[in-house]
Amino acid sequence: MMSAAQSPTTPKSKLEALQCHFTWDLDWSRFKLFRLRDNMKDIGTRRETAAGHIYNLQGFIQYKLGFTEDAQSLFNKAAEAFSQTRGAAEGPCAAQSPTTPKSKLEALQCHFTWDLDRSRSKPFCLRDSIEDIGTEEGNSWLGHIYNLQGFIQYKLGFTEDAQSLFNKAAEAFSQTRGAAEGPWLVVNYGNLAWLHHHLGDQAESQAYLSKVDALMEKYPSPSQDELHPEIYAEKAWTLMKFSTDKRLLAADYFQRAIRMQPDMVEWNTSRILALVTAANHNKEEELGADVFEKMRIAKNRIQRTCTSLLFILSNVLREEKESKMKHVSYPERF
């Protein structure tokens, strides 16, 4: 007589014995996930008995796509939804807000927390290539360039150069955005908080953590479930420069930013570039018609935006010309 199945004993075997999305035999090809995620957005999650299940599935989809922070947020929402719909608080507790200085640093959105290539040879190669990117005044990506250069210098051990470049990034953002502060500084202040932490200056690190909190409170994201579009855009741009195999992920971050702030032409053009380079890099893979459809939609959006800008500019120039004509004094005829 066969003995009963043994209960799992190792941590790995216990995990494999679970009944959850991670163990079910589902079709999780990357492009299937993108389509499924878009379809899931059409499912309502308010006052529905299925809300917990929906958030659980959305969380797993985000995890498979590489958005681990979004995944954790959605799993936590699932637990809350089950508590509400079932009328009981039992189950996984809600995620606690970070309380220790280290946990606050780890919760930041910046180059130090993004999953970038950690090999030492990568920063050397990237430093040489990024030096070719123009840093002339007026470049809309100037702040992002200095932020990335600063992080590269830190990874190479040049902490003073890193701090100088992070400070340059803050100045560049002030110039290109025409304001002394704004949500575009969240990543920069996060970098400086981490840098001072590694330098042993915990007081200065805490000061930048406080600045991040103040900015996020003053400039909340248009969508409470997502990061601020400025953060998505910088994260996308950084991934494009740091890793060729994360171009589709970068395009997705740009899409999220554009959805909340659609008139940023440089975000739209960079998203197209990310999609094109991803297609070239993954010629052997099936990208699917949806990727090319996204490229077409992005191209049309850019054309409409540029047309609108040209129309506005022509009207301004015409009004200025008419205004000058009204004040022209002609010599009297004798």
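Residues in the sequence shown are numbered consecutively from 0, following numbering that gives the first Met the number 0.
A virtual CB, placed ideally from N, CA and C, is assigned to each residue, including glycine.
For residue i, name the three-state secondary structure that DSSP assigns.
{"i": "tryptophan 183", "result": "helix"}
{"i": "proline 221", "result": "coil"}
{"i": "histidine 110", "result": "coil"}
{"i": "aspartate 24", "result": "coil"}
{"i": "serine 139", "result": "coil"}
{"i": "aspartate 212", "result": "helix"}
{"i": "glutamine 61", "result": "helix"}
{"i": "threonine 276", "result": "helix"}
{"i": "aspartate 262", "result": "coil"}
{"i": "glutamine 71", "result": "helix"}
{"i": "alanine 16", "result": "coil"}
{"i": "phenylalanine 150", "result": "helix"}
{"i": "lysine 11", "result": "helix"}
{"i": "phenylalanine 66", "result": "coil"}
{"i": "glycine 199", "result": "coil"}
{"i": "leucine 191", "result": "helix"}
{"i": "leucine 56", "result": "helix"}
{"i": "alanine 78", "result": "helix"}
{"i": "leucine 155", "result": "coil"}
{"i": "leucine 115", "result": "coil"}
{"i": "alanine 206", "result": "helix"}
{"i": "alanine 49", "result": "coil"}
Taking residue i as part of the alpha helix (DSSP H), name the residues at either end of that continuous run.
{"i": "asparagine 166", "result": "158-176"}
{"i": "threonine 237", "result": "228-241"}
{"i": "aspartate 251", "result": "246-259"}
{"i": "leucine 104", "result": "100-105"}
Quick one: is the Cβ of residue i within less than 8 Å of any heavy atom of the ligand MG?
{"i": "leucine 17", "result": "The model depicted lacks the ligand MG and carries no ligand whatsoever."}
Do residue i and residue j have their CB atoms nearer than 9 Å?
{"i": "arginine 255", "j": "alanine 277", "result": "no"}
{"i": "histidine 143", "j": "threonine 237", "result": "yes"}
{"i": "tryptophan 193", "j": "leucine 107", "result": "yes"}
{"i": "serine 222", "j": "methionine 263", "result": "no"}
{"i": "glutamine 152", "j": "leucine 141", "result": "no"}
{"i": "tryptophan 113", "j": "lysine 240", "result": "no"}
{"i": "leucine 64", "j": "aspartate 251", "result": "yes"}
{"i": "phenylalanine 157", "j": "leucine 115", "result": "no"}
Closest to residue i by C-alpha separation, out of the options, would be which residue?
{"i": "alanine 213", "options": "Tyr231, Glu233, Glu229, Tyr188", "result": "Tyr188"}
{"i": "alanine 217", "options": "Glu229, Leu25, Gly181", "result": "Contrary to the premise, residue 217 reads as lysine rather than alanine in this sequence. Of the listed residues, the one whose Cα sits closest to lysine 217 is Gly181."}
{"i": "isoleucine 53", "options": "Asp24, His20, Phe241", "result": "His20"}
{"i": "proline 261", "options": "Thr243, Pro228, Leu274, Leu248", "result": "Pro228"}
{"i": "alanine 232", "options": "Ala202, Val275, Val186", "result": "Val186"}
{"i": "leucine 226", "options": "Ile60, Lys11, Ser72", "result": "Ser72"}
{"i": "glutamine 174", "options": "Asn190, Ser139, Asn146", "result": "Ser139"}
{"i": "alanine 168", "options": "Lys154, His195, Leu191, Leu155", "result": "Leu191"}
{"i": "serine 102", "options": "Trp266, Ala70, His196", "result": "His196"}
{"i": "alanine 78", "options": "Lys63, Gln57, Gly65, Leu64", "result": "Gln57"}
{"i": "aspartate 69", "options": "Trp23, Ser82, Asn55", "result": "Asn55"}
{"i": "alanine 49", "options": "Trp23, Lys76, Leu35, Gln61", "result": "Lys76"}
{"i": "phenylalanine 111", "options": "Asp24, Asn267, Leu248, Ala161", "result": "Ala161"}
Query - Touch test, the region 100-115 against the region 194-211, Cβ-Cβ under 8 Å, three pairs minimum - result: yes
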